[in-house]
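For our numbering, count along the sequence shown from 1 and bump the result up by 460. Quick reminder that beta carbons are idealized off the backbone N, C-alpha and C, glycines included.
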Amino acid sequence: MMSSGKGILAADESDATAGKRLEMVHLPNEPENRQDFREILFAAPGTEEYLSGVIMYDSSIKNFADDGTPFPDVLISKGIVPGIKVDMGVVDLQGFKGEVVTQGLDGLADRLKEYYDLGARFAKWRAVISIDEDDLPTDEAITINCIMLARYAQIAQEAGIVPMVEPEVIYAGDHSLAKAELVTTRTLQILFHTLLKYKVDLEGLILKSSMVLAGDMHGDQSTAEQVANATLRTFHLSVPHEVGGIVFLSGGQSPKRATENLNAIASYGEQPWPITFSFSRAIEEPVLLTWQGKPENVEAAQKTLLHACKMNSLASQGKYDANEDTVLK
Ligand code: 13P
Numbered sequence: 461m462m463s464s465g466k467g468i469l470a471a472d473e474s475d476a477t478a479g480k481r482l483e484m485v486h487l488p489n490e491p492e493n494r495q496d497f498r499e500i501l502f503a504a505p506g507t508e509e510y511l512s513g514v515i516m517y518d519s520s521i522k523n524f525a526d527d528g529t530p531f532p533d534v535l536i537s538k539g540i541v542p543g544i545k546v547d548m549g550v551v552d553l554q555g556f557k558g559e560v561v562t563q564g565l566d567g568l569a570d571r572l573k574e575y576y577d578l579g580a581r582f583a584k585w586r587a588v589i590s591i592d593e594d595d596l597p598t599d600e601a602i603t604i605n606c607i608m609l610a611r612y613a614q615i616a617q618e619a620g621i622v623p624m625v626e627p628e629v630i631y632a633g634d635h636s637l638a639k640a641e642l643v644t645t646r647t648l649q650i651l652f653h654t655l656l657k658y659k660v661d662l663e664g665l666i667l668k669s670s671m672v673l674a675g676d677m678h679g680d681q682s683t684a685e686q687v688a689n690a691t692l693r694t695f696h697l698s699v700p701h702e703v704g705g706i707v708f709l710s711g712g713q714s715p716k717r718a719t720e721n722l723n724a725i726a727s728y729g730e731q732p733w734p735i736t737f738s739f740s741r742a743i744e745e746p747v748l749l750t751w752q753g754k755p756e757n758v759e760a761a762q763k764t765l766l767h768a769c770k771m772n773s774l775a776s777q778g779k780y781d782a783n784e785d786t787v788l789k
């Protein structure tokens with residue numbers, strides 16, 4: 461999954477979130493539209509050169525391509541490993557205003573067994589770490605989310621499934637780069653301390669992290685160089701070297717910025733862990749904009765997907781030239 465030059469597409473939006481993506485191109489959130497879009501993503505020719513895995517959602521791992529092939533088999537036939545989002549979203553953490561905890565441990569072992577039989581070999585659990593320039597996040601919110609991540613990782617490893625653990629420090633907001641670095645470092649330190657306490661095998665685990673950058677409303681937007689410095693400093697202070705790999709979410713950055721930031725990080729050369737992309741919005745948005753829900757645009761949309769995957773593959777090797785790329789915005 462972490463082979464050089466490849467990354468992981470996160471196409472694991474819940475059906476509700478998929479609706480928000482479709483809204484961008486004024487399409488109603490209907491099962492047919494979700495299925496058509498997912499088929500564009502999963503069946504696009506050539507993506508296997510740049511993608512080692514694709515994260516799916518419950519309704520897509522159980523769904524079929526137009527020709528009747530189960531979606532996970534479409535990926536497997538291309539040599540792409542199917543993954544599955546297994547958390548059940550966030551709920552408010554009572555007593556901690558503005559903070560949330562992820563749910564989904566109930567029945568998880570049984571669900572993982574079912575997903576394994578459908579072809580999934582890795583899983584994802586997303587925790588949301590709220591951040592502001594003042595008191596957020598609290599240590600209590602970080603701690604409970606890390607315990608949930610550790611328990612999930614234990615259950616996944618027991619089921620023969622590689623856990624991808626995702627503590628997402630939110631990009632939206634007016635917090636500074638310094639605050640983002642502090643919070644991400646603290647979160648990852650608590651996370652790995654907790655994973656070790658719960659005896660999770662770190663070699664068989666992938667960290668999915670946010671990049672360290674100032675909030676999208678902050679007056680001083682971080683340069684790619686600043687992002688790369690702060691992110692690598694954070695990892696070196698908090699991620700044990702045994703960890704199987706690190707992948708990035710895009711977090712709401714524009715596709716081009718996410719790719720440029722990944723490139724800046726990779727430009728620092730080899731790190732103790734393989735590092736690559738696992739973007740959702742930064743890859744899917746240009747594809748959606750090309751597709752517009754029109755059958756005659758499917759081929760062009762798949763070409764846009766291939767382009768986005770190729771640019772991020774180059775960026776993961778520090779070889780992306782933003783000036784040459786006229787497609788990603
Ligand atoms: P984005 O790249 O859109 O942040 O999504 C990645 C992801 O997996 C969120 O859970």
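- Task: Express the C-alpha separation of residue 753 and residue 537 in angstroms, rounding to a whole number.
- Result: 26 Å
- Item | Chain-ordered list of residues that sit, by beta carbon, closer than 5 Å to a heavy atom of the ligand 13P | 470, 586, 709, 710, 711, 739, 740, 741
- Over the uninterrupted alpha helix (DSSP H) stretch that includes residue 651, give me the two end residues. 637 to 657
- Given that a residue counts as buried once 16 or more other Cβ atoms are within 10 Å of its Cβ, and exposed if not, what is residue 526? exposed
- Can you tell me which of 617, 602, 634 puts its alpha carbon nearest to the alpha carbon of residue 627? 602
- Message: Taking the straight line between their C-alpha atoms, what separation do you get for residue 553 and residue 560?
- Response: 5 Å
- Query: For residue 605, does the count of other Cβ atoms within 10 angstroms reach 16, so buried, or fall short, so exposed?
  - Reply: buried
- Would you decide whether residue 484 is buried or exposed? Buried here means 16 or more other CB atoms lie within 10 Å of its CB. exposed
- Task: Helix, strand or coil for residue 581, going by three-state DSSP, please let me know.
- Result: coil
- Item | Close-in-space but distant-in-sequence residues of the same chain around residue 503 (CB under 7 Å, 5 per side omitted) | 525, 534
- Item | 8 Å Cβ cutoff, residue 474 in contact with chain D | Annotation note: the requested chain D is absent from the structure, which comprises a single protein chain.
- Cβ-Cβ separation, residue 654 to residue 629 (assumed contact under 8 Å), whole Å: Not confirmed; about 16 Å, so no contact.
- Message: Rounded to whole angstroms, what is the Cα-Cα separation between residue 543 and residue 750?
- Response: 26 Å
- Residues sharing a beta bridge with residue 545, DSSP: 584
- Message: Beta-carbon within less than 7 Å of residue 639's beta-carbon, same chain only, minus the 5 sequence neighbours each way: which residues are those?
- Response: 591, 593
- Item | Buried versus exposed, by CB contacts within 10 Å (16 or more), residue 783 | exposed
- Task: Under 6 Å Cβ to Cβ from residue 547, same chain only, skipping five residues before and after it: list those, please.
- Result: 562, 564, 585, 586
- Item | Which of helix, strand or coil DSSP assigns to residue 623 | strand
- Can the beta-carbon of residue 660 be found closer than 8 Å to that of residue 614? yes
- Message: Rounded to the nearest angstrom, what separates residue 779 and residue 520 at their Cα positions?
- Response: 33 Å
- Message: For residue 723 and residue 777, I'd like the C-alpha separation in whole angstroms.
- Response: 7 Å
- Proximity below 8 Å, CB of residue 715 to CB of residue 788: yes
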